[in-house]
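What follows is a set of notes on a single structure, which appears directly below.
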Amino acid sequence: MRNLKKLVVGFAVCAAFGAGSAQADIKVGVIVSLTGQAASLGIPANQTIALWPKEIAGQKLELTTLDDASDPTKATLAARKLTSEHNVDILVGPSVTPTALAAMQVAGETKTPMISMSGGGAIVLPQEGVRTWVFKMPPSEEIQLNQIFNSMKKKGEKTLSIVGMNNAYGQVFIDEAAKYAPKAGIKIVSVERFGGTDTSFVSQALKIIAAKPDAVFIAAAGTPAAMPQIELSSRGYKGTQYQTQAVANNDYLRIGGKAIEGTLMTVSPLLVAEQLPDSNIIKPVAMKYVKAVEAKYGPGSRTLFGGQAWDVSLMLEKAIPVALKKAKPGTAEFRVALRDALENIKDLVLTEGVYSMSVKDHNGADARSQVLVEVKDGKWKYIPN
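Residue numbers (mature numbering (1 follows the signal peptide of the UniProt record, and there is no 0)): -24 to -1, 1 to 361.
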C-alpha cells in the first residue's frame, strides 16, 4: 500500500508539473492581412513569423495566426477570439492602420499588450486609455516627413500636392504634413484623396496638374498607392513624386512599372542593407535577417513588412525574460509585466532602426530608422544624406 501511495503521489506530481509546463507556454496571437488590399504587407510578415524562435527564455512560444482580410471588423473579431478563446499573452499586428485601430480597442479592453506592424501615429497617440497597451513598429510621420522635406529643399522644390488614401493612414500624414511643411518652407498647394478600391484617379490628377506643384507626396499603403502615380505619369506630370515605406515591396514595383521610375521614398534601412556604409549600426542586424529570409524564401524575398515581424521577435526576446521574473505566462500579471518590459526597452538595434521606448513613447524609433531611396531601373537605390 505504501508503494502504491508513493506511485499515486508520483503520478500526481508529474501531472501537476505537466499542467504547469503547459500553462507556462507564452501564447502569441498574430493578426495579419493574408487576403484583401493589404495582403502584400501581411503575407511577407506572416512568412517571417514562421522563422521566429520556437522558445524564448526557456518558454515555448505558442503562435495562433488569424487573417483579418484587411477589414477592421474582422480585425476586431480576430482580436476578441485571440484574447477570449486562446487567452493570448500578447497580440502582434495587424498589418495596416485601420485594422490596427480596430484591434487596439480589444487590446485595451482586455489589458493585453499589442505590437502593431502598421504605421499610423493614431495607434499610439495620445498615450492614454487603450493606447497604453499598444506599441507600433514603423517610425513617426514626423521622422518620415522631415526626410522628404529635406530632400525637397536640396532639390529647390517649394510647392507640394498631397495625395492621401481615404483612411486613417492617409489622413494622419495629411494632418502632419500641414503641421510641419510651413516650418520647412514648403507650401501645400492641393490635397487629394482616393479609396483603396477606386479604379480611377483622373479627376484628382487633373486638379494636381492644374496646381503645378514642384512635387507630389502620396500617403497610402500597399499596391493601390501606385494608381495615382500611373495616372499622373500618363498625363505628363514631370515633378518629383514621393511615397512612404508602406509601398516598399516588389508588388508595388511590378504594378507601377515605368510610371514609378524616379520615385523617392523614406524607408527603413533594411530595404537597402547591402548599400549602407559599414559604419551604420543597423547594417549587421539587417543583414542577419536578409540572410535568414532569403535562405528560406529565395533572393529578393526581403520586405520591410517581414522585417517588422522579425523585429517584433527581437523585442520579445528582450522583454519576455524581464517579464518572467515578475509573473507566469497566462496571467493578467504577466501581461502587465510584459507591457512594462516593452515600455523600458532602451537602445535596441533592430533591422529597421534603433528603438528606445518609454511610458510616453510606445514607438521609440529615432531618426536612424529612415533612409531615402529612389526607384531606379525597377530596384531600390540608396541615397546618402
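Built from N, CA and C at the ideal position, the CB exists for glycine as well. Just so you know, these numbers come straight off a predicted model, no measurement behind them.
Just to check, is the beta-carbon of residue i closer than 8 angstroms to a non-hydrogen atom of the ligand NAP?
i: Q346; result: In terms of ligand content, the structure shown is empty, and the ligand NAP therefore cannot be addressed.
Which residues in the same chain have their Cβ closer than 6 angstroms to the Cβ of residue i, if we skip the five residues on either side of it in sequence?
i: K(-20); result: Confidence in K(-20) is poor, its pLDDT being 39 and thus under 50, which makes the residue's placement unreliable; the coordinate value appears in the next sentence. So no residue of the chain qualifies.
i: V72; result: A14, S94 and A197
i: A78; result: P48, A51 and T52
i: S(-4); result: Because the pLDDT of S(-4) is 39, which lies under 50, any placement of that residue in the model is unreliable, and the question is left without a value.
i: A181; result: E207, L208 and R211
i: G69; result: V6, I7, V8 and M93
Give every residue of the same chain whose Cβ lies closer than 7 angstroms to the Cβ of residue i, excluding the five residues on either side of it in the sequence, and list them in chain order.
i: K294; result: I321 and L324
i: D151; result: none
i: L318; result: P89, F111, M291, A295 and M333
i: I124; result: F193, Y218 and T242
i: A55; result: I7, L67, A79, V82 and A83
i: D1; result: Q35, K36, E38 and P305
i: T199; result: S16, D227, Y228 and I231
If I'm right that residue i touches residue j with Cβ under 8 angstroms, what's the distance once you round it to whole angstroms?
i: V8; j: D43; result: 7 angstroms
i: G282; j: P20; result: 4 angstroms
i: L240; j: L348; result: 6 angstroms
i: L208; j: I231; result: In fact, because the Cβ distance is near 15 angstroms, the residues do not count as touching under 8 angstroms.
i: L27; j: A268; result: 6 angstroms
i: E237; j: V167; result: That pair is no contact at about 25 angstroms.
i: A33; j: L280; result: So it is not a contact: roughly 28 angstroms between Cβ atoms.
i: A285; j: T24; result: 4 angstroms
When you compare each of the options to residue i by their alpha carbons, which one comes out closest?
i: K30; options: K3, L17 and A45; result: K3
i: Q120; options: V148, K134, I99 and S137; result: V148
i: G5; options: G97, T220 and S289; result: S289
i: Y228; options: K272, G283, K355 and S209; result: K355
i: V266; options: L326, G84, Y331 and R315; result: L326
i: P275; options: H62, F310 and L247; result: L247
i: I206; options: F177, T216, A187 and G215; result: F177
i: G233; options: A308, A249, K130 and M203; result: M203
Within the same chain, show all residues whose beta-carbon is closer than 8 angstroms to that of residue i, passing over the 5 residues directly before and after it, in chain order.
i: S116; result: G97, N339 and A341
i: A201; result: M141, I194, Q219, A222, V223 and Y228
i: L136; result: M128, A153, A157, I162, K163, I164, V165, P189, D190, A191, V192 and F193
i: L252; result: P245, I258, K259, A262, V347 and Y358
i: T40; result: K3, V4, G5, V6, L58, H62 and V64
i: A45; result: S9, L10, T11 and G12
i: N122; result: Y156, A160 and A343
Subject >> Stretch-stretch touch, CB-based, cutoff 8 angstroms, three pairs: the stretch 80 to 98 with the stretch 106 to 116 >> reply: Segments in contact, yes.
**OP:** Indicate whether the contact test is met: 3 or more Cβ pairs, each with one atom in the stretch 223 to 230 and one in the stretch 254 to 271, closer than 8 angstroms.
**Re:** no
**OP:** Could you tell me whether the stretch 166 to 179 touches the stretch 136 to 147, using the rule of 3 or more Cβ pairs below 8 angstroms?
**Re:** yes
**OP:** At 3 residues or longer, and completely inside the stretch 108 to 186: list those beta strand (DSSP E) runs for me, N to C.
**Re:** 110 to 112, 135 to 141 and 163 to 170
Original post:
Three or more C-beta pairs closer than 8 angstroms, one from the stretch 179 to 195 and one from the stretch 96 to 108: is that the case here?
Top reply: Taking one beta carbon from each stretch, the stretch 179 to 195 and the stretch 96 to 108 have fewer than 3 pairs nearer than 8 angstroms; the two do not touch.
**OP:** Just list the beta strand (DSSP E) runs in the stretch 198 to 226, keeping only unbroken ones of 3 residues or longer that don't cross its boundaries, in chain order.
**Re:** Within the stretch 198 to 226, the complete beta strand (DSSP E) runs of at least 3 residues are 216 to 219.
**OP:** Starting from the N-terminal side, write out each stretch of the beta strand (DSSP E) that is 3 residues or longer and does not extend beyond the stretch 227 to 310.
**Re:** DSSP runs (the beta strand (DSSP E)) wholly in the stretch 227 to 310: 240 to 243.
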